[in-house]
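**Q** Following the working numbering, the numbering of the sequence shown begins with 482 at its first residue and continues without gaps.
Every residue, glycine too, gets a C-beta built ideally from N, C-alpha and C.
Small disclaimer: the values here were computed from a predicted structure and weren't measured.
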Amino acid sequence: MEPVGDRSPAADVRGDTIAAVATAPGRAALATLRVSGPATAGIAARVLRPWPLVARRATRVEVADAESGELLDDALATWFPGPHSYTGEDALELSVHGGTYIPARVLAALVAAGARPALPGEFTERAVRAGRMDLLQAEAVGELIAARSRATHRAALRQLSGALTAQLAALREGLLQVEALLAYEIDFPEEDDGPQPRARVTAAATEVLDTLARLLSTLPLAARARDGMHVVLAGAPNAGKSSLFNALLGDPRAIVSDVPGTTRDAIEALLDDAPWPLRLVDTAGLRDAADPVERLGVEVSERRLADADIVLVCADSDAALARDLTAVQQRTAARCIAVRTKVDDGVPPPAIAIGIASASVAVPSVAVSATQGHGLALLREAIRAVACEVEPEPPESQPMILRARQASALGVARQEVEAFVAAWTTEALPAPVVATHLRAAVLALDELMGTIDREEILGRVFREFCVGK
Ligand SMILES: Nc1nc2c(ncn2[C@@H]2O[C@H](COP(=O)(O)OP(=O)(O)OP(=O)(O)O)[C@@H](O)[C@H]2O)c(=O)[nH]1
Ligand SMILES: [Mg+2]
482 MEPVGDRSPA ADVRGDTIAA VATAPGRAAL ATLRVSGPAT AGIAARVLRP WPLVARRATR
542 VEVADAESGE LLDDALATWF PGPHSYTGED ALELSVHGGT YIPARVLAAL VAAGARPALP
602 GEFTERAVRA GRMDLLQAEA VGELIAARSR ATHRAALRQL SGALTAQLAA LREGLLQVEA
662 LLAYEIDFPE EDDGPQPRAR VTAAATEVLD TLARLLSTLP LAARARDGMH VVLAGAPNAG
722 KSSLFNALLG DPRAIVSDVP GTTRDAIEAL LDDAPWPLRL VDTAGLRDAA DPVERLGVEV
782 SERRLADADI VLVCADSDAA LARDLTAVQQ RTAARCIAVR TKVDDGVPPP AIAIGIASAS
842 VAVPSVAVSA TQGHGLALLR EAIRAVACEV EPEPPESQPM ILRARQASAL GVARQEVEAF
902 VAAWTTEALP APVVATHLRA AVLALDELMG TIDREEILGR VFREFCVGK
């Protein structure tokens, strides 16, 4: 369900029993309700027949209103006695018929039987409190639900598996190691030729800095996974840009007509692809338009061209393609793909290679027919290949920073370690004073992992969540 604004941070410490509809409202075959807390069995006994149920096995039940005895639904119930449940508490999941009426009535019956409607993210928050998952994994659950592309889905799954947690734990361990080396320096300052010379402290701290930098460098990748690669379709009016845009999407989103200057505004759509989703942008044809509205559209096209990662330069003749490719390259630093449009018989005209080669050898070229579907798969492949060059996919083993909260905590840790290294190498301050920077870096990581300032951080993280999750 949609996130709900207000969330009292202290509410969930009460240990009462919560209930929620976990699926989105509206017409649907099924809906799921969840109950969690110490009174779950008592509440289930009042609304379900039969009860008790075999643990962790979906069982067909009747759901009834305890007060009136009215039958509400024929449903499936699964009983998860704590601690072997999502939340770590006694929990129940009900799969009822969907729509708006039945889920609302069943929730009301659960509340009448003693449950409290759950706050956004309260089930996952309880899972964190019970140690069933850590805070970063809980954030990954939020990201997983919000995922709109293969790239964000993969990144969220990686974080859910604990990859980021493991790397942060290793970082923290590294910092403790530097602290230990430093403590030795503080205790035995005179032993210059001791086993832990100053350089070892510097080297250990620099290693921590490298790991921090590697993690922080993944933040733009998360944005890329979310926003996609900007692929702008450009060219002269009537070149077939909107037709190609629609054909790539498999959906007639943009208006197509034989009147040049049909598209006036940039139209965007997200097309999921690997390694990055593609943000396709159809634009107004580039020309010196007399019509003021069309001219505005051309200005928008020029702006979109400047911001593009990849431009599909579209033209329906070889001469126009060579000319427009040059024109586009003057307006943008983006990578270009030359697209010869309206090749309905599927055979690229022999001149295409020559025309493109004279403009720029590095530009891949593809011949397509939007109406017949020829060349579309090749074009997708060409876009994918260029996208991988613009932004290579991170290795599977590299966890990504997905949220601003994570980036800012790691940023603080990096600043502190940098300040430590600067002070330590210049020997500007006594060791115990320099050591405070290391402590501050450890605290930033602890806050990130949710091991300190827990109440405030949990409140902040789960405010963004859905009810029922
Ligand atoms: N035969 C054929 N006609 C096409 C193809 N693609 C586009 N057309 C036609 O070309 C004309 C222009 O197509 P659009 O997709 O509107 O062209 P555009 O580049 O978006 O034009 P503007 O928005 O005016 O800049 C329309 O009449 C389309 O039906 C194709 O692959 N084959
Ligand atoms: Mg158009």
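Which first and last residues belong to the alpha helix (DSSP H) in which W560 is found?
**A** Here residue 560 refers to the residue found at position 79 when the sequence shown is read from its first residue. From DSSP, W560 is part of no alpha helix (DSSP H) but of the beta strand (DSSP E) over L552 to F561.
**Q** Can you round the beta-carbon distance between V820 and V809 to whole angstroms, since I take them to be within the 8 Å contact cut?
**A** Numbered from 1 along the sequence shown, position 339 holds the residue referred to as residue 820. Numbered from 1 along the sequence shown, position 328 holds the residue referred to as residue 809. V820 to V809, Cβ: 11 Å. No contact.
**Q** For L802, which three-state DSSP category applies?
**A** Along the sequence shown, read from residue 1 onward, the residue named residue 802 stands at position 321. Helix at L802.
**Q** Grab the span of the beta strand (DSSP E) containing T513 for me, first residue to last.
**A** The count along the sequence shown starts at 1 and reaches residue 513 at position 32. Note, T513: beta strand (DSSP E), L511 to S517.
**Q** Within 10 angstroms of the Cβ of S723, are there 16 or more other Cβ atoms? Answer buried if so, exposed if not.
**A** By one-based count along the sequence shown, residue 723 stands at place 242. Buried is the call here.
**Q** Using CA coordinates, which residue listed in G766, T852 and L511 is at the minimum distance from E783?
**A** Sequence index remark: in the sequence shown, residue 783 carries index 302 (1-based). Considering only alpha carbons, the answer is G766.
**Q** Does the distance from the CB of R537 to the CB of A632 come in under 9 Å?
**A** What you label residue 537 is simply residue 56 of the sequence shown in a count that begins at 1. What you label residue 632 is simply residue 151 of the sequence shown in a count that begins at 1. Cβ atoms of R537 and A632: not closer than 9 Å.
**Q** Go to D763, then tell me how far its beta strand (DSSP E) extends in each direction, as first and last residue.
**A** Taking the sequence shown and counting its residues from 1, the one referred to as residue 763 is at position 282. That run of the beta strand (DSSP E) goes L759 to D763.
**Q** Should P756 and A868 be called a contact, given that it needs their Cβ atoms to be closer than 9 Å?
**A** Here residue 756 corresponds to residue number 275 of the sequence shown, with the count starting at 1. Here residue 868 corresponds to residue number 387 of the sequence shown, with the count starting at 1. Yes, the Cβ-Cβ distance between P756 and A868 is below 9 Å.
**Q** Quick check on I835: buried or exposed, where buried means 16 or more other Cβ atoms within 10 Å of its Cβ?
**A** Locating residue 835 in the sequence shown gives position 354, counting from the first residue. Caution applies to I835, whose pLDDT of 41 falls short of 50 and renders its modelled position unreliable; the model cannot decide the point.
**Q** Look up T540 in the DSSP assignment and give the residues it is bridged to.
**A** Numbered from 1 along the sequence shown, position 59 holds the residue referred to as residue 540. Beta-bridge pairing links T540 to A558.
**Q** For ligand 1, is there a heavy atom less than 8 Å away from the beta-carbon of I962?
**A** Outside the displayed range of the chain (482 to 950) lies residue 962, so it cannot be described from this structure.
**Q** With C-beta atoms as the reference, is A952 less than 9 Å away from V824?
**A** A query on residue 952 cannot be resolved here, the shown segment of the chain reaching from 482 to 950 and no further.
**Q** To the nearest angstrom, report how far apart S878 and A644 are at their CA atoms.
**A** Numbered from its first residue, the sequence shown carries residue 878 at position 397. Numbered from its first residue, the sequence shown carries residue 644 at position 163. S878 and A644: Cα-Cα distance of roughly 8 Å.
**Q** What would DSSP say about V824, mapped onto helix, strand or coil?
**A** As a first step, residue 824 must be located in the sequence shown, where it is residue number 343. Correct three-state label for V824: coil.
**Q** With H, G and I counted as helix, E and B as strand and the rest as coil, what does DSSP make of L600?
**A** By one-based count along the sequence shown, residue 600 stands at place 119. Of the three classes helix, strand and coil, the one that applies to L600 here is coil, per DSSP.
**Q** By the 10 Å Cβ neighbour count, where 16 or more other Cβ atoms means buried, how is L552 classified, buried or exposed?
**A** Reading the sequence shown from its first residue, position 71 is the one you call residue 552. Looking at its Cβ environment, which holds fewer than 16 other Cβ atoms inside 10 Å, L552 is exposed.
**Q** Taking F946 as the reference, give the member of E603, T932 and C817 with the closest Cα.
**A** Residue 946 sits at position 465 when you count from the first residue of the sequence shown. Among E603, T932 and C817, the Cα nearest to that of F946 is on E603.
**Q** Per DSSP, what are the beta-bridge partners of A819 in this structure?
**A** Within the sequence shown, the letter at position 338 stands for residue 819. DSSP output for A819 lists V794 and S846 as bridge partner(s).
**Q** Measure the CB-CB distance between V792 and A715 and report whether it falls below 9 Å.
**A** The residue you call residue 792 lines up with position 311 of the sequence shown. The residue you call residue 715 lines up with position 234 of the sequence shown. Yes; because the gap between Cβ atoms is below 9 Å, this pair is in contact.
**Q** How close, in whole Å, do the beta carbons of G579 and A510 come, if the pair is a contact with beta carbons under 8 Å?
**A** On the sequence shown, position 98 is the one that residue 579 refers to. On the sequence shown, position 29 is the one that residue 510 refers to. Correct: roughly 5 Å between the Cβ atoms.
**Q** According to DSSP, is I748 part of a helix, a strand, or is it coil?
**A** Against the sequence shown, residue 748 aligns to sequence position 267. Strand at I748.
**Q** Roughly how many angstroms separate the alpha carbons of V592 and L919, rounded to a whole number?
**A** Here residue 592 corresponds to residue number 111 of the sequence shown, with the count starting at 1. Here residue 919 corresponds to residue number 438 of the sequence shown, with the count starting at 1. Straight-line Cα distance between these residues: approximately 49 Å.
**Q** Around the Cβ of E570, are there at least 16 other Cβ atoms within 10 angstroms (buried) or fewer (exposed)?
**A** As a position in the sequence shown, residue 570 is number 89, starting the count at 1. Buried, since its Cβ has 16 or more Cβ neighbours within 10 Å.
**Q** Where L924 and Y567 are concerned, what is the direct C-alpha to C-alpha distance, given to the nearest angstrom?
**A** Residue mapping note: residue 924 aligns to position 443 of the sequence shown, counting from 1. Residue mapping note: residue 567 aligns to position 86 of the sequence shown, counting from 1. Rounded to whole angstroms, L924 to Y567 spans 29 Å at the Cα level.
**Q** Closer than 7 Å by C-beta to E548: which residues in its own chain qualify, once you throw out the five before and the five after it? Chain order, please.
**A** Indexing the sequence shown from 1 puts residue 548 at position 67. Contacts found: A593.
**Q** Taking Cβ to Cβ, would you say L649 is nearer than 9 Å to L926?
**A** Locating residue 649 in the sequence shown gives position 168, where the first residue counts as 1. Locating residue 926 in the sequence shown gives position 445, where the first residue counts as 1. A contact, by the Cβ cut-off of 9 Å.
**Q** Would you kindly check if the distance between the Cβ of T822 and the Cβ of A720 is under 9 Å?
**A** As a working note, residue 720 is residue 239 in the sequence shown. As a working note, residue 822 is residue 341 in the sequence shown. Cβ distance < 9 Å, so A720 and T822 count as in contact.
**Q** Hey, is G643 close to ligand 1, as in C-beta under 8 Å from one of its heavy atoms?
**A** What you label residue 643 is simply residue 162 of the sequence shown in a count that begins at 1. Incorrect: G643 has no Cβ contact closer than 8 Å to ligand 1.
**Q** Are the CB atoms of V712 and A789 nearer to each other than 9 Å?
**A** Within the sequence shown, residue 712 is the residue found at index 231, counting from 1. Within the sequence shown, residue 789 is the residue found at index 308, counting from 1. Their beta carbons are under 9 Å apart, which means V712 touches A789 by this criterion.
**Q** Let's see if you can read the secondary structure: which residues bound the beta strand (DSSP E) around V479?
**A** The question about residue 479 has no answer here: the residues shown for the chain are numbered 482 through 950.
**Q** In three-state DSSP terms, what is L910?
**A** As a position in the sequence shown, residue 910 is number 429, starting the count at 1. Residue state, collapsed to three classes: coil.
**Q** Would the beta-carbon of V622 fall within 9 Å of that of T646?
**A** What you label residue 622 is simply residue 141 of the sequence shown in a count that begins at 1. What you label residue 646 is simply residue 165 of the sequence shown in a count that begins at 1. Result no, Cβ atoms of V622 and T646 do not sit closer than 9 Å.
**Q** Could you check the C-alpha separation between V535 and M710 for me, to the nearest Å?
**A** Within the sequence shown, residue 535 is the residue found at index 54, counting from 1. Within the sequence shown, residue 710 is the residue found at index 229, counting from 1. Cα to Cα, the separation comes out at about 50 Å.
**Q** Measuring only from the beta carbon, is D555 closer than 8 Å to any heavy atom that is part of ligand 2?
**A** Start at 1 with the first residue of the sequence shown, and residue 555 comes out as number 74. Not so, every heavy atom of ligand 2 lies at least 8 Å from the Cβ.
**Q** Specify the secondary structure class of A840 as computed by DSSP and reduced to three states.
**A** Indexing the sequence shown from 1 puts residue 840 at position 359. Any answer about A840 is weak, because its pLDDT of 47 lies below 50 and its placement is not dependable; what the coordinates show is given next. A840: helix per DSSP, three-state reduction.
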